[in-house]
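S.K.:
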Amino acid sequence: MIAGMMPAIATVKLPRIFTSHMILQRNKPVQVWGWADKGEKVTVEWQGKKVSTKTGSDGNWQVSLPAMPAGGPYKLIVQGKNRIELEDILIGDVYVCSGQSNMEWTMRAVNDSEKEVRDGNNPLLRLFTVQKATAFEPAADLEGGQWQTCTPEHLIDFSAVAYFFGRKLAAEEKIPIGLISSNWGGTNVQTWISWDVMGKLSGYTDQDRLQFKAAKSGMEQKLASFRSLLQENKGEKEKWFDGGGDWKPIRQPMSWEQSVIGNADGIVWMKKEWTLPASLAGNKARLYLGPIDDHDVTYVNGVKVGATDVYNKERVYELDASVLKPGKNLLVVKVTDDGGGGGLYGNPDQLYIEVAGERIPLAGDWQYRSVALTTEFGIQDVGPNQFPSQLFNAMIAPFIKMPIAGAIWYQGESNVGEAVKYRSLFPELIRNWRSKWNDEFPFMWVQLANFTAPATVPGPSDWAELREAQSQTLSLPRTGQAVIIDIGEAFDIHPRNKQDVGLRLALAAEKIVYDRQLVYSGPTYDHMEVKGNEIVLHFKNTGSGLQARDRYAYLRGFTIAGADQRFVWAPARIEGNTVIVSAETVKQPVAVRYAWANNPDDANLYNREGLPASPFRTDNWPVSTEGKSMFK
9 MIAGMMPAIA TVKLPRIFTS HMILQRNKPV QVWGWADKGE KVTVEWQGKK VSTKTGSDGN
69 WQVSLPAMPA GGPYKLIVQG KNRIELEDIL IGDVYVCSGQ SNMEWTMRAV NDSEKEVRDG
129 NNPLLRLFTV QKATAFEPAA DLEGGQWQTC TPEHLIDFSA VAYFFGRKLA AEEKIPIGLI
189 SSNWGGTNVQ TWISWDVMGK LSGYTDQDRL QFKAAKSGME QKLASFRSLL QENKGEKEKW
249 FDGGGDWKPI RQPMSWEQSV IGNADGIVWM KKEWTLPASL AGNKARLYLG PIDDHDVTYV
309 NGVKVGATDV YNKERVYELD ASVLKPGKNL LVVKVTDDGG GGGLYGNPDQ LYIEVAGERI
369 PLAGDWQYRS VALTTEFGIQ DVGPNQFPSQ LFNAMIAPFI KMPIAGAIWY QGESNVGEAV
429 KYRSLFPELI RNWRSKWNDE FPFMWVQLAN FTAPATVPGP SDWAELREAQ SQTLSLPRTG
489 QAVIIDIGEA FDIHPRNKQD VGLRLALAAE KIVYDRQLVY SGPTYDHMEV KGNEIVLHFK
549 NTGSGLQARD RYAYLRGFTI AGADQRFVWA PARIEGNTVI VSAETVKQPV AVRYAWANNP
609 DDANLYNREG LPASPFRTDN WPVSTEGKSM FK
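For the sequence shown, this note's numbering begins at 9 and goes up steadily by one.
Following this line, the structure appears as structure tokens:
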């Protein structure tokens, strides 16, 4: 099928976004559309009323249903040469939940995952996960997906941020909430913006697009041969789990991209010999492998002991005492990488076996052999980041006729290298989506979390620059930002605390969408004034007052500089709704920065409602990502 066109159809067909258990947007006219034979009469029955139309020469049809208040359940019937009945439809608020891996991050890998999922039955929530796909033209339909009720079975593999956001809104507003999760880990913002906009912003031409499309077609032929080899299960047939054959040295844990394997996808088997002291023999054991990207099948002494099919879960496998033997033992891990990063990517202290309370480290020298790697087939990356608009076309465009209440967004990690350019790209995405929907709907997003090792001295930070670009986008109307610089993890780009992320997004929605009178944001910088050797900072969104989250009420995270632009750590104190900053070594201060680091883990300015202040700088001096771009 060519994107944007539908094949010949003998029966009435609805787009995949229309299924039983769906939620339709309240208080807005709803379009119902689909395909059928040319000139075929199509009748839509809804709440006892029928609306009929005929398909055009292209086989398309569309009818409009009147705006409706929240309620349900209802049934939707579409009648042509065949009959389609959709049941259990609710009317409520529908949100598009999009971005990269932190929005994609599922409930199976959050804090208190088992309890959260077990308690996840919620009749007011409905879930839709858009199947991943790329396209060079706006697609007529999604590749896959269906609306599901919110039960533990369906929730476990759904976006955690989206769920916690929707759960809070449903509890507060007492209306059905529909969540459309359309995400792709590791993607940049450019691939989520339509080509009519990105063609002007990216520097690429229509001819470039045609050439990339042709190159991608050629790569897909190579991929077909590559995938055929992967499916042959060569390693299993030749019993690589016994450790025989030719293996090469490698250090573990380490992502493939950082190792001798390089930037490749495919299947690699890895093995490690280790010694079990005789005194520990005869005991059960527990094997810890850390997270593995994407899938693993694990063997010990030729016995399969576990397998996991997700990239974001730490592997822990129970070993029966009969599996182990005194002396030499063999661990073999089959790793399959579908795309992006690959391999055992955890920390060395996550890789060990525990027997009778004693840990035996497994990090260090391993060996590997590959079944097939993309680099061996000459396959180049033609994924969604390699040319703009591919995910907009395949994963957003197919349902822009469906009215929504708003959108939430968690993305930016893949654009930190061009943070200054993100100042224009990100607001352009919001304007673009609103234009395509023909609706100035509310748009809320997550500011990047704290990440990487904390800095010991003030300096440049591309992550801080990206956060600044996100904050500047608040100049657009009906927008809100959830600041989470206090819940990140230094050595994991995917914070497990998605509960607070969803909650803070919901607070923004409560204010912006539902006009609730509440404090939804932490303090935001407003203006400054220099008084002698001090700088006085004034804030908005102070709520019931500023506070330092510290046992002794010490403020941290501030730096100050004079005209020489050399920042130093600076003491700060709260006076009313202002913060006063100074440093003995800066006699004539010019500028202040707050939480200006990849990981400002000590920044502790909050309002009394418990929401963190957003990072900021008072200067407009050049920054590290000035002039940098991922595209032409």
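Glycine is no exception: its CB is placed at the ideal position from the N, C-alpha and C atoms.
Smallest Cα separation from residue 484: which of 469, 458 and 431?
M.R.: Minimum Cα distance to residue 484 is reached at 431.
S.K.: Is it true that the CB of residue 293 sits closer than 8 Å to the CB of residue 332?
M.R.: Closer than 8 Å, so yes.
S.K.: Around the C-beta of residue 555, are 16 or more other C-beta atoms found within 10 angstroms, so that it is buried, or is it exposed?
M.R.: Under this definition residue 555 is a buried residue.
S.K.: Can you give the beta carbon distance from residue 353 to residue 263, rounded, assuming they're within the 8 Å contact cut?
M.R.: With a Cβ gap of about 4 Å, residue 353 and residue 263 count as contacting.
S.K.: So the beta strand (DSSP E) residue 308 belongs to, where does it begin and stop?
M.R.: That run of the beta strand (DSSP E) goes 303–308.
S.K.: With respect to the alpha helix (DSSP H) encompassing residue 197, which residues constitute its N-terminal and C-terminal limits?
M.R.: Per DSSP, residue 197 belongs to no alpha helix (DSSP H) and is neither H nor E.
S.K.: Is residue 25 helix, strand or coil when you go by DSSP?
M.R.: Residue state, collapsed to three classes: coil.
S.K.: Evaluate residue 526 with the Cβ neighbour count: other Cβ atoms within 10 Å of its Cβ, from every protein chain shown; 16 or more gives buried, anything less gives exposed.
M.R.: The residue is exposed, with fewer than 16 neighbouring Cβ atoms inside 10 Å.
S.K.: Give the secondary structure of residue 218 by DSSP, where H, G and I count as helix, E and B as strand, and everything else as coil.
M.R.: Helix at residue 218.
S.K.: Spatial neighbours of residue 35 within its chain, please: C-beta separation below 6 Å, excluding the five flanking residues on both sides.
M.R.: Closer than 6 Å at Cβ, skipping near neighbours: 75.
S.K.: Helix, strand or coil for residue 127, going by three-state DSSP, please let me know.
M.R.: DSSP places residue 127 in coil when its eight states are reduced to three.
S.K.: Does the Cβ of residue 346 have 16 or more other Cβ atoms within 10 Å, making it buried, or fewer, making it exposed?
M.R.: Residue 346 is exposed by the Cβ-count criterion.
S.K.: Roughly how many whole angstroms lie between the Cα atoms of residue 390 and residue 427?
M.R.: Roughly 23 Å separates the two Cα atoms.
S.K.: Between which two residues does the alpha helix (DSSP H) carrying residue 160 extend?
M.R.: That run of the alpha helix (DSSP H) goes 160–163.
S.K.: Out of 387, 201 and 605, point me to the one whose CA is closest to residue 459's CA.
M.R.: Residue 605 is the option with its Cα nearest to residue 459.
S.K.: By Cβ distance below 8 Å, which residues in the same chain neighbour residue 62 in space, the five residues on each side in sequence not counted?
M.R.: Excluding positions up to five away in sequence, the list reads 47, 48, 49, 50 and 69.
S.K.: DSSP three-state call for residue 171: helix, strand or coil?
M.R.: Helix.
S.K.: Using only CA atoms, which one of 623, 326, 137 and 449 lies nearest to residue 192?
M.R.: Comparing Cα-Cα distances from residue 192 to each of 623, 326, 137 and 449, the minimum goes to 137.
S.K.: With distances taken from CA atoms, which of 131, 87, 365 and 518 is nearest residue 295?
M.R.: Of 131, 87, 365 and 518, the residue nearest in Cα terms is 365.
S.K.: Between which two residues does the alpha helix (DSSP H) carrying residue 246 extend?
M.R.: Residue 246 -> no alpha helix (DSSP H), and no H or E assigned at all.
S.K.: Less than 8 Å between the beta carbons of residue 509 and residue 490, yes or no?
M.R.: The answer is yes: Cβ separation under 8 Å.
S.K.: Give a yes or no on contact between the stretch 141–154 and the stretch 395–409, applying the rule of three or more CB pairs nearer than 8 Å.
M.R.: These segments touch.
S.K.: Could you give the residue range of the beta strand (DSSP E) that holds residue 79?
M.R.: Segment 79–87, the beta strand (DSSP E) holding residue 79.
S.K.: Helix, strand or coil: which one does DSSP assign to residue 34?
M.R.: Residue 34 falls in the coil class under three-state DSSP.
S.K.: On a Cα-Cα basis, can you pick out the residue from 229, 214, 33 and 321 that is closest to residue 188?
M.R.: The shortest Cα separation from residue 188 among 229, 214, 33 and 321 belongs to 33.
S.K.: Taking Cβ positions, are residue 504 and residue 118 nearer each other than 8 Å?
M.R.: Yes, they are a contact pair.
S.K.: For residue 626, which residues in the same chain have their Cβ closer than 8 Å to its Cβ, ignoring the five residues on either side in sequence?
M.R.: Excluding sequence neighbours, residue 626 sits near 533, 536, 543, 545, 599, 600 and 601.
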